[in-house]
Amino acid sequence: MLFRNVASFLQFRKTVFFAPWWLLLFSLLSDSSCLGQSTVHWELTAYGRRAALVDPGQEQPGFEEMKPSSTGLSFVNPLEQSYSDLNQNLVGSGVALGDVNGDDLCDLFFASLNGTCRLFLNRGGWTFEDQTVQGGLVIKNQLATGVLLEDLDADGDLDLVVAFNGSGLRWWENNGRGQFGEMTPENFRSRTGPTSLAVADVDQNGLLDLYVANYGENTIRSGASVRTRMVRGKQVVTGRWRDRIEIIDGQMVEFGEPDHLWLQPSKGSFVQLSWTEGRFLDASGKPLNRAPHDLSLSVMIRDLNQDQLPDIFECNDFQSPDRIWINQGGGVFRAIEHGAIRSMCHFSMGFDAADINRDGWDDLYAVDMLSRIQRIRMIQKIEMNPNPSHLPEEDLHAMQLRRNTLLLSRGDGTFAETARQAGLEATDWSWCPIFLDVDLDGWEDLLVVNGHLMDALDSDVMERRQRLPDGSPEKKQVRYPPLMTPNVAFRNGGDLNFTSVGEQWGFDSQRISNGFCMGDLDFDGDMDLVINCLNDQALVYRNRCSAPRIAVRLVGKPGNSSAIGARVALVGQETTLHQEMIGGGRYLSDDQNVRSFAMIFEPGQCHLRITWPDGTNSRVDEVEAGWLYEIDVSKVASLPKESSERLAIKPLFAPHGPLIELPASGESMADWDWQPSVNRPLRRQGAVASVRQDLDEKRDILALPNRPVGSPVSQKGSLQAWAWINAQRKPELTLLGFSEDSKKTLPKGPIQSAAPWAEADINQDGHRDVFVGMPPLPGPYPLGAGSRLYLGGENPTIEEGDPWSNIGNVRAVLFEDFNQDGWVDLAIAAEWAPIRVFINHQGALHEATQAWGLSSHVGWWQTLVAVDVEKDGDIDLIAGNWGRNTRYQSLMQGEEGLRLYTADGNQDGILETIEAWFDESNGHWWPIDGLGHQEKVFLGLRAHYPTHHALAGVPMHALAETLDLDKAFLHVNTLDSMVFLNQGGRFQSLPLPEVAQRSPVRDMVGADFNLDGYGDLFVAQNWESTPDHIGRLDAGQGLILQGKPDGSFEPLSAGASGIRIDAEQQGAWVGDANGDQRPDLWIQHSGMIQLYLNQHEL
């Protein structure tokens, strides 16, 4: 045999060392394509080398499924029914991509449960050859799950690691030509249920370490027998399940197995890291005293906070919380700080990260099981906020949601959960997401694979099974129905706007899709896709996009030959595109170590920046479309290491002084306890307070009823407006302090709320007049009583007829002169209504809502502020709404919006209501909530619809007839918080910035906070206390919006504003608290009021 160079000889000697004789003979007789010869023409460069990509042709973005008959890629992952019945933890196998034989073409390895694992070598031109036997990888019917193709032994080629249910890991070493010999350390073997795998140099010693996500070898859901006994009067589990099952409140709660992190202190030697010896710390910095027993399905290692250290994101099923371990350096990890993430998935299965809004920070996305089809959601048993009462306190820092979560980075180590706003909260029973710029426009699109053998969330089947004894033959015969769902694709349109394009892009197969990864199978520079399907042919997709692109792969230092953990950026003058080299991290799967970028820049207007795993940087200029750039750390020039420290800026506001504690409300019942159909808090939760001027000290103070804050100022003559439900279950309204008579009418009864009011001299008679809006109250909601206008004078009068009698559910009111005629006008914000404007005609208020262009925006308006945004002398309006980050966002189709149907079937004064949405595909209105919720509202509902399936198939017109609902209904067509610019007789509507739509607006105040002459806003956000079927709405932190000359607003980050309040913010007030001529803020949250002083330079 002739050897081309020393490396070829060393590879041959390595083959001789561990290969069986027949494999050695085959390698000697094989053709040259098996000898590691590259089929690619390379150009040598100062940074490494580059190769021209294959011309992609001229096609539309999307994918073409490549058939096995033409490619030779024929693979099925079978799971026999008997195995599935005995072990429900067998949920698919993975696939790994990479060049195993050194010919620069991407090869494939498929894992199999009951079948044979397969290795396919890429022969070019979309043809592949099964080389399983020749490669020494005969693995049959061994329950293989997760796979990796990475260089574990630091010799420059890709080795194979496979996880097996019940026996741990096995490792095959590659001789560089796609021939493998097993080198499994004895400590890799264990009776566990490993799933996904990931590698990175977590301790910065130059060698790759290995993380193994463990779920559980089996589950009690498979019908396993569990032994218990009494210990000190407490029932405990014994035997093989003793570490995985706890009996809590009489119920068996199943936990998983501890994950394994294998450090590689020296080449080829792995040591398992202990969870309890100081390497893993809780969020407070204390070492763990017990290994987490999580049900882990996926793990990814990448730099989540961009401090140049690899962190760990672990996806856990059921009650096990997702875990984010932030690398502290030296292989020490600390749980992410409490409050950094407010929400996570409950059934978390797969994860990916990408900079989806191009702000320079990676955003995090995890997938769950919520159906995309509203009718199926009505059938499946999914509470948004599962009961976490049995979790330890350390694991209660984030709410678990039974849907996907998109954690949008704020750039300060905290994240806002925005999946609903982006339209990404539901992708069915999902396994793996991948962010990929499919159409090469510079925005990261999203692909998600899903599917399952059965719909184990079917509520009707659950209820039938619950009525049967455990272990009974009858219960085993009640099977869940099959679950056939298409894979999904979403195009990123920017501004957190994703559009479903699965069918358009050819990515909508209904095969059960588990393992999922990407690589460049045809050397054209874009990412092709491979999916390992359960009981079906694997899916292989050719990416058919033809837009300009480049591809990048890295050659790292010895020990990390693919530079896993390196960050690659394509840098333009105004935009930077980011990618990171990851090892494994997909559900059960592993990408090829290459990344693709859209060439959205003109020639000569961009460069590549590489941040290597050790933190050093390199730069490659003169980047052109149509090339694969292989950048070698040993050849490219190194730049000084960049600091991960961010420049400190002086925030606009700073908290000041003692917190003002507020007395507890004493309210023990939520509004939905009084009225089960209510979907939100109705009664005002903010303090009744006002800002007063202290003339003696020349500053403003915040005054509470009967208790001024900050100064002993008198409260004599202050007004209070209240609404309540009287003994006849009718709403009443009163204004205290307006006249002597009004003092006699005090709120009575358990249901009461502060009412919004505003005062002005409407008729210019020298006496103050007051408008009081009737707020929403539980019981008669949304059909409460009307509002009132109190006219002052020697003989005060009250107007409560038309037009005030039909104005209810009022959240905010204000007086301003909108038409600049010298007479104050009235604006009203209410739910199920537009912003209403009443123009003052010399003392008489006449509605002009339609004439002023406001009637078409019907919302659930929560607050209202008047500010001259454009500095043009006209008073503009800013209205707070629910925003886009709610369950309703995906149901607001077209201009129809949502409806609310009402009834009072038992004549008790407590209305029953049903929310409905319009399905454009069939032209019908449908109920939003299923039987599980509706039967709490309509107590006899099961008599008409005995099953969840039965109700889910009934449109609103039939349901309304059955339940005798009122023919009249309320509707809403926008949930955006908006600015209405006064154009002189008409308002022009604009939505507030995306960040202001992430959470419901609770209150707003306006002032020129940065002293530039333009009106700014503070936005109080969040609802923490909501009914279970709505879920917590808490993606805000309190927001400063700075006004711009064109009427738009620019949001300030929490670091720039100085305001970071993760809790529910119930109220805000503005005034000059210290007399320095700068507007300050008082903000109510968490049962207290905090003063924030303005620090802007005068």
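Letter by letter, the sequence shown follows residues 979 to 2076 in this note's numbering.
All residues carry an ideal CB built from backbone N, CA and C; glycine is no exception.
Computed from a predicted model, the values in this text were never measured in an experiment.
**OP:** Rounded to whole angstroms, what's the CA-CA distance from W1810 to N1859? Just pull it up for me.
**Re:** 11 Å
Original post:
By DSSP, does Q1867 sit in helix, in strand, or in coil?
Top reply: Q1867: helix per DSSP, three-state reduction.
**OP:** Select from G1918, Q1015, L1031 and E1151 the residue whose C-alpha is nearest the C-alpha of D1081.
**Re:** Q1015
Original post:
Do you know whose CA, among I2067, D2054, N2052 and F2027, lies nearest Q2044's CA?
Top reply: I2067
**OP:** Return the chain-ordered ranges of every beta strand (DSSP E) run that is complete within the region 1532-1583 and spans a minimum of 3 residues.
**Re:** 1545-1549, 1554-1558 and 1573-1576
**OP:** Indicate whether the contact test is met: 3 or more Cβ pairs, each with one atom in the region 1582-1600 and one in the region 1539-1554, closer than 8 Å.
**Re:** yes
Subject >> Separation of L1075 from S1487, as counted between CA atoms >> reply: 21 Å
Original post:
DSSP beta-bridge partners for Q1730?
Top reply: W1702
Original post:
Since G1420 and L1555 are thought to touch, with beta carbons under 8 Å apart, how far apart are those beta carbons, to the nearest angstrom?
Top reply: 6 Å
Original post:
Tell me, which residues are paired with V1983 by DSSP?
Top reply: F1996
Original post:
When the Cβ atoms of the region 1195-1202 are set against those of the region 1245-1262, are three or more pairs found closer than 8 Å?
Top reply: No, the region 1195-1202 is not in contact with the region 1245-1262.
Subject >> Residues of its chain near T1864, where Cβ-Cβ distance is below 8 Å and the 5 sequence neighbours each way are ignored >> reply: R1398, L1953, P1978, I2008 and L2011
Subject >> N1900 classed as buried or exposed, judged by whether at least 16 other C-beta atoms fall within 10 angstroms >> reply: By the neighbour-count definition (other C-beta atoms within 10 Å, threshold 16), N1900 is an exposed residue.
Original post:
Straight-line CA distance for F1575 to L1138?
Top reply: 28 Å
**OP:** Rounded to whole angstroms, what's the CA-CA distance from S1252 to S1321? Just pull it up for me.
**Re:** 28 Å
Original post:
When the Cα of N1165 is compared with those of Q1229, R1210, W1240 and A1202, which residue comes out closest?
Top reply: Closest by alpha carbon: W1240.
**OP:** Rank V1508, M1577, E1452 and P1591 by C-alpha distance to the C-alpha of D1568 and give the top, closest one.
**Re:** V1508
Original post:
Terminal residues of the continuous alpha helix (DSSP H) containing H1927?
Top reply: H1926 to A1930
**OP:** Would you kindly work out how many angstroms separate the C-alpha atoms of S1005 and L1022, rounded to a whole number?
**Re:** Caution is warranted here: a pLDDT of 44 is assigned to S1005, below 50, making its placement in the model unreliable, and the coordinate value is therefore given only provisionally. Their backbone Cα atoms lie some 30 Å apart in a straight line.
**OP:** Count the other C-beta atoms from every protein chain shown that fall within 10 angstroms of the C-beta of S1298, then say buried if there are 16 or more, exposed otherwise.
**Re:** Label assigned to S1298: buried.
**OP:** Would you mind reading off the limits of the beta strand (DSSP E) that contains E1224?
**Re:** That run of the beta strand (DSSP E) goes I1223 to I1226.
Original post:
Between M1496 and S1540, what straight-line distance do the alpha-carbon atoms span, to the nearest angstrom?
Top reply: 16 Å
**OP:** Given a cut-off of 9 Å, decide if Q1482 and G1779 are closer than it, judged by their beta-carbon atoms.
**Re:** no
Original post:
Got a sec? Which residues, its chain only, sit under 6 Å from F1233 by beta carbon, not counting five neighbours each side?
Top reply: Within the same chain, R1222 and H1271 come within 6 Å of F1233 by CB-CB distance, once the 5 residues on both sides are set aside.
Original post:
DSSP puts K1118 in a beta bridge; with which residues?
Top reply: T1094
Original post:
Looking only at DSSP bridge pairs, what is F1947 linked to?
Top reply: Y1879
Original post:
Assuming G1050 contacts E1107 under a Cβ cut-off of 8 Å, what Cβ separation, rounded to an integer in Å, is found between them?
Top reply: The pair is a contact, with the Cβ atoms about 6 Å apart (cut-off 8 Å).
Original post:
When DSSP builds the beta bridges, which residues end up paired with F1749?
Top reply: A1736 and L1767
Subject >> Start-to-end residues for the alpha helix (DSSP H) that takes in G2033 >> reply: Under the DSSP assignment, G2033 falls in the alpha helix (DSSP H) whose first and last residues are A2032 to S2035.
Original post:
From which residue to which residue does the alpha helix (DSSP H) around K1212 run?
Top reply: Unbroken run through K1212 is the beta strand (DSSP E), K1212 to T1216; no alpha helix (DSSP H).
**OP:** Go through its chain and collect everything with a Cβ distance to D1502's Cβ below 7 Å, but skip five positions before and after it.
**Re:** L1031, V1032 and P1034
Subject >> Cut-off 6 Å between Cβ atoms - residues of its own chain near R1353, not counting five sequence neighbours on either side >> reply: A1930
Original post:
How long is the line joining the alpha carbons of H1238 and G1146, rounded to whole angstroms?
Top reply: 10 Å
Original post:
Going by C-alpha distance, which of R1096, P1460, R1522 and F1098 is nearest Q1038?
Top reply: R1522
Original post:
If you follow the beta strand (DSSP E) that I1920 is part of, which residue opens it and which one closes it?
Top reply: According to the sequence shown, residue 1920 is Arg rather than Ile. In the DSSP annotation of this structure, R1920 is not part of any beta strand (DSSP E); the continuous alpha helix (DSSP H) holding it starts and ends at L1919 to H1922.
Subject >> For D1373, the three-state DSSP class (helix, strand or coil) >> reply: helix
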